[in-house]
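J.:
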Amino acid sequence: MRAGSKSAASIPSPPTRRLIGPARDPCHTGRMHARSAVVDLYGDHLRQHGWWAPVAGVVALARDCDVQPAAARTAVSRLVREGWLVAEARAGVRGYAATPLAQERLVGAHARIYATGPRGWDGTWHVVIVEHGGERRRRDQVSASMGYLGYGRLAPGAWVSPRASEELSGVLARHGARWTAVRGPLDVGAASPAALAARVWDLEALASAYRDFLAALPGPSQVRALTSADAYPERARVVHAWRKFLFSDPDLPAEVLPDGWVGVEARARFLEVAGALRPAAELHVARTLRAGDSAA
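Going by numbering that gives the first Met the number 0, the residue at position 76 of the sequence shown is 75; the numbering climbs one at a time, nothing skipped.
Below, the structure is given as structure tokens:
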């Protein structure tokens, strides 16, 4: 998360059977984008289907999330150009498969989304100095990537995290950025590690976003009453809203977080609701993919 930035759960506009939407969303952030609907489908459901889906299945499942067919097809085409998807026919059925690079990224994101709590910490910090040239677009890309990897801006060009990211080298290489890193205790003068974290990351804004997320989240008993056709888009919205925290929550250790950190409750509630929705949502995905095979 970049210091000073804010994040909030994006929860789309609901029909009758939706339990999460603008009526309960203080942020009023609108519908899910087509790209997000497709990426979330592959990351959350298609791993167990060989990372592949028929074209008709992708379009139908995106439509369940209020994405029009033309927009879904455009999103798929862009993901192909960007190296996330590749056209592939299976048993004579046209479809798209996630590329090896996309699979790697989606598996990593999935592990972070469903992590049950913060990882341990040895008390050291990973400091990264990044040289990315003067082009503003590249600077913005590097900043977004560093935030996603859990680094906060310590100073211009300097980033810090309680843990070294295994993805750091590959991500910065893709941006064409040179970098140097050191790991060890960080002398912050009279400030405590918690005070450093509060200075580098906007924890108040993050806590506010978590409270908004909790206020909009349905209860497990509500979602268990949904049909499979309703459970899939409901789960897609809940997971999509939670996934946004990957870009804003640096996954700080408990030692540097405020007492009673609201992110702990938010994670527990998310896992409970997402877990309650999973069986019915997966049933709907499987049925839709079979129908897509038949329609192709």
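Built from N, CA and C at the ideal position, the CB exists for glycine as well.
Exposed or buried, what is arginine 177 when buried is set at 16 or more other beta-carbons lying within 10 Å of its beta-carbon?
T.: Looking up residue 177 in the sequence shown gives position 178. By the 10 Å Cβ count, arginine 177 comes out exposed.
J.: Taking only three categories from DSSP, how would you classify valine 127?
T.: Here residue 127 refers to the residue found at position 128 of the sequence shown. Three-state result, valine 127: strand.
J.: Take the Cβ of leucine 100 as the centre, count every other Cβ of all protein chains shown within 10 Å, and call the residue buried at 16 or more, exposed below.
T.: By one-based count along the sequence shown, residue 100 stands at place 101. Leucine 100 should be labelled exposed.
J.: On the DSSP letters alone, give me the boundaries of the alpha helix (DSSP H) that serine 168 sits inside.
T.: Counting from one through the sequence shown, the residue named residue 168 turns up at place 169. That run of the alpha helix (DSSP H) goes 167-173.
J.: Quick one: what does DSSP say glycine 149 is sitting in, helix, strand or coil?
T.: If you number the sequence shown from 1, residue 149 lands on position 150. It is coil, neither helix nor strand.
J.: With a threshold of 16 other CB atoms inside 10 Å of the CB of aspartate 24, please say whether the residue is buried or exposed.
T.: Translated into positions along the sequence shown, residue 24 becomes position 25. Confidence at aspartate 24 is low in this model, with a pLDDT of 35, below 50, so the placement of that residue is unreliable and no value is reported for it.
J.: Does DSSP classify threonine 28 as helix, strand or coil?
T.: Position 29 of the sequence shown, counted from the first residue, corresponds to residue 28. Annotation note: pLDDT 39 at threonine 28 (below 50); position unreliable, no value reported.
J.: Span of the alpha helix (DSSP H) holding glycine 56?
T.: Here residue 56 refers to the residue found at position 57 when the sequence shown is read from its first residue. Glycine 56 -> alpha helix (DSSP H) spans 54-63.
J.: On a CA-only basis, which of Ala285, Gly259, Asp248 is nearest glutamine 47? Give me that one, please.
T.: Stepping through the sequence shown from its first residue, residue 47 is reached at position 48. Considering only alpha carbons, the answer is Ala285.
J.: Measure from the alpha carbon of alanine 280 to the alpha carbon of each residue in Gly259, Ala224, Asp292, Arg268, then state which is nearest.
T.: Along the sequence shown, one-based indexing puts residue 280 at 281. Of the listed residues, the one whose Cα sits closest to alanine 280 is Ala224.
J.: Leaving out five residues on either side along the sequence, give the residues of the same chain with a beta carbon under 7 Å from the beta carbon of arginine 72.
T.: The residue you call residue 72 lines up with position 73 of the sequence shown. The answer, listed in chain order, is Val58.
J.: The beta strand (DSSP E) with arginine 177 in it runs from where to where?
T.: Indexing the sequence shown from 1 puts residue 177 at position 178. From DSSP, the beta strand (DSSP E) with arginine 177 extends over 177-183.
J.: What distance in whole Å lies between the Cβ atoms of histidine 174 and arginine 137, which are believed to be in contact at a cut-off of 8 Å?
T.: Here residue 137 refers to the residue found at position 138 of the sequence shown. Here residue 174 refers to the residue found at position 175 of the sequence shown. About 6 Å separates the two Cβ atoms, so the contact holds.
J.: So is glycine 151 buried or exposed if we call it buried at 16+ other beta carbons inside 10 Å?
T.: To locate residue 151, count along the sequence shown from 1; it is residue 152. The residue in question, glycine 151, is buried, as its Cβ has 16 or more Cβ neighbours within 10 Å.
J.: What are the boundary residues of the beta strand (DSSP E) that includes leucine 105?
T.: Locating residue 105 in the sequence shown gives position 106, counting from the first residue. Element bounds for leucine 105: not the beta strand (DSSP E) but the alpha helix (DSSP H), 99-112.
J.: Quick one: any contact between the region 109-119 and the region 214-232, if contact means 3 or more CB pairs under 8 Å?
T.: Short answer: they don't touch.
J.: Use the C-beta contact count for alanine 190: other C-beta atoms within 10 angstroms, 16 or more gives buried, fewer gives exposed.
T.: Along the sequence shown, one-based indexing puts residue 190 at 191. The residue is exposed, with fewer than 16 neighbouring Cβ atoms inside 10 Å.
J.: Starting from the Cα of glycine 49, find the closest Cα among Arg34, Ala96, Ser35, Gly146 and give me that residue.
T.: Position 50 of the sequence shown holds residue 49. Measuring from the Cα of glycine 49, the nearest candidate turns out to be Ala96.
J.: Bridge partners for serine 160 per DSSP, in chain order?
T.: Position 161 of the sequence shown, counting from 1, holds the residue named residue 160. Paired residue(s): His125.
J.: From which residue to which residue does the alpha helix (DSSP H) around glutamate 233 run?
T.: Your numbering for residue 233 matches position 234 in the sequence shown. Segment 227-242, the alpha helix (DSSP H) holding glutamate 233.
J.: What would DSSP say about leucine 78, mapped onto helix, strand or coil?
T.: Working through the sequence shown from its first residue, we reach residue 78 at position 79. Leucine 78 falls in the helix class under three-state DSSP.
J.: What is the DSSP secondary structure of glutamate 134, counted as helix, strand or coil?
T.: Taking the first residue of the sequence shown as position 1, residue 134 is located at position 135. If DSSP states are grouped into helix, strand and coil, glutamate 134 belongs with coil.
J.: Within 10 angstroms of the Cβ of alanine 33, are there 16 or more other Cβ atoms? Answer buried if so, exposed if not.
T.: The count along the sequence shown starts at 1 and reaches residue 33 at position 34. So alanine 33 ends up on the buried side.
J.: Alanine 36 and alanine 235 - do their beta-carbons sit closer together than 8 Å?
T.: Along the sequence shown, read from residue 1 onward, the residue named residue 235 stands at position 236. Along the sequence shown, read from residue 1 onward, the residue named residue 36 stands at position 37. Cβ distance < 8 Å, so alanine 235 and alanine 36 count as in contact.
J.: Please report the distance separating the alpha-carbon of leucine 60 from that of phenylalanine 246.
T.: If you number the sequence shown from 1, residue 60 lands on position 61. If you number the sequence shown from 1, residue 246 lands on position 247. Rounded to whole angstroms, leucine 60 to phenylalanine 246 spans 25 Å at the Cα level.
J.: Spatial neighbours of arginine 89 within its chain, please: C-beta separation below 7 Å, excluding the five flanking residues on both sides.
T.: The residue you call residue 89 lines up with position 90 of the sequence shown. Within the same chain, arginine 89 has close Cβ partners Trp51.
J.: Less than 8 Å between the beta carbons of leucine 288 and glycine 42, yes or no?
T.: Within the sequence shown, the letter at position 289 stands for residue 288. Within the sequence shown, the letter at position 43 stands for residue 42. No. Outside cutoff.
J.: If we ignore side chains and look at the alpha-carbon of each, how far apart do tryptophan 83 and alanine 197 end up?
T.: For the purposes of this step, residue 83 is taken as the residue at position 84 of the sequence shown. For the purposes of this step, residue 197 is taken as the residue at position 198 of the sequence shown. C-alpha separation (whole angstroms): 36 Å.
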